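So this is what it looks like as structure tokens:
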């Protein structure tokens, strides 16, 4: 190591812990002091090596092991609560929406429009082809458009 | 229901360690997990450097944080989580090494060289695979305590005072150990950094 009295402060410069004033003063000193210049070069090289090593780190998923040893569960976060609340609200809206037509049907004893609509839409026979797709030339694709029966439209 | 709706302050990267420690001490596991996520990389690297074996380092890292969680109530200086957890890691590593019984536990040879010229150019230092191998070998020649002190200072940026507190050493002892570790590391790495390979 060098024997210059300022050597002890060089570490703070290399590690970025020195004040800007002190750092500037010591860097200026190293221009005229070969011992301190070499010392600072080494300290900065050493620091660069450690920094480069730190940048390459990979960490496995270690939390599970810690959690199991410590009896910690995965902590709940706030956003799932919001999602749960939103899902519950949506479910409620759907339930109310579905309950309304059933009530109207039971009132007059016959299936309402909504019931007809949903049941018909689920039935393949509801779709009436203008022309059988199998009769179309190949490559014509997507010309078989479903047609809503006129009787159904009239009932609306 | 009200407890469900009660919101705790969000944990962000800006939340200081001290605040996380206090929340974790009150039983908030998310705060402890945040501390874990913030420090696990450094702790694992520290343990890998001490143990020199990746799989052992993983297990030791988990053990370190499990102990930290168990002993968290003892941490009264909330802002010093990092030196505190590195101190626990050091103990875990030494215990693991005692089990393995093939590592240097006593202080290494103090006959270190003093000449250090020429010096490398810091801007041209590149840690390639070969240099990393020499680096690892050089670190391996240091005794456990000396290596741990050096790593805490240079790799983890702890102040001498923090290292002294973690080790239970005096500050002059810490400085002396780190100085000697540096000299040894330097003597072994310098030829590879200046092209004067032997």
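Protein chains in written order, with the numbering used here: chain D, 877 to 1032; chain Y, 61 to 258.
For every residue, glycine included, the Cβ atom is placed at its ideal position computed from N, Cα and C.
Since the structure is predicted, the reported quantities are computational estimates derived from the model, not experimental observations.
- Per DSSP, residue 242 of chain Y is one residue of the alpha helix (DSSP H) stretching across 231-253.
- Among the residues of the region 177-199 of chain Y, those with a Cβ less than 9 Å away from any Cβ of chain D are 177, 178, 179, 180, 181, 182, 183, 184, 185, 186, 187, 191, 192 and 195, in the order of the chain.
- Across the region 886-912 of chain D, no CB contact with chain Y closer than 7 Å is found for any residue.
- In terms of beta-carbon proximity, residue 948 of chain D lines the interface with chain Y, with at least one pair separated by less than 8 Å.
- One alpha carbon belongs to residue 929 of chain D, the other to residue 227 of chain Y, and they sit about 24 Å apart.
- Looking at Y/180, Y/196, Y/207 and Y/193, the one whose alpha-carbon comes closest to that of residue 918 of chain D is Y/180.
- Rounded to whole angstroms, the Cβ separation of residue 140 of chain Y and residue 222 of chain Y is 7 Å, and the two are in contact under 8 Å.
- Within 8 Å of the CB of residue 241 of chain Y, no CB atom of chain D is found; the nearest one sits about 11 Å away.
- Leaving aside the five residues that flank residue 907 of chain D on each side, the residues in its chain whose CB is nearer than 8 Å to its CB run, in chain order, 913.
- With 16 or more other Cβ atoms inside 10 Å of its own Cβ, residue 157 of chain Y counts as buried.
- Straight-line measurement puts the Cα of residue 95 of chain Y at about 26 Å from the Cα of residue 924 of chain D.
- The DSSP-derived three-state label of residue 190 of chain Y is helix.
- The beta carbon of residue 887 of chain D sits closer than 7 Å to those of 919, all from its chain and outside the five residues before and after it, given in chain order.
- For residue 924 of chain D, at least one C-beta of chain Y is nearer than 8 Å to its own C-beta.
- Selection Y/137, Y/116 and Y/197 evaluated against residue 76 of chain Y yields Y/137 as nearest (Cα-Cα).
- Spanning the alpha carbons of residue 966 of chain D and residue 91 of chain Y requires a straight line of approximately 32 Å.
- For residue 969 of chain D, the secondary structure class from DSSP, reduced to helix, strand or coil, is helix.
- In the DSSP assignment, residue 896 of chain D falls within the alpha helix (DSSP H) that extends over 896-908.
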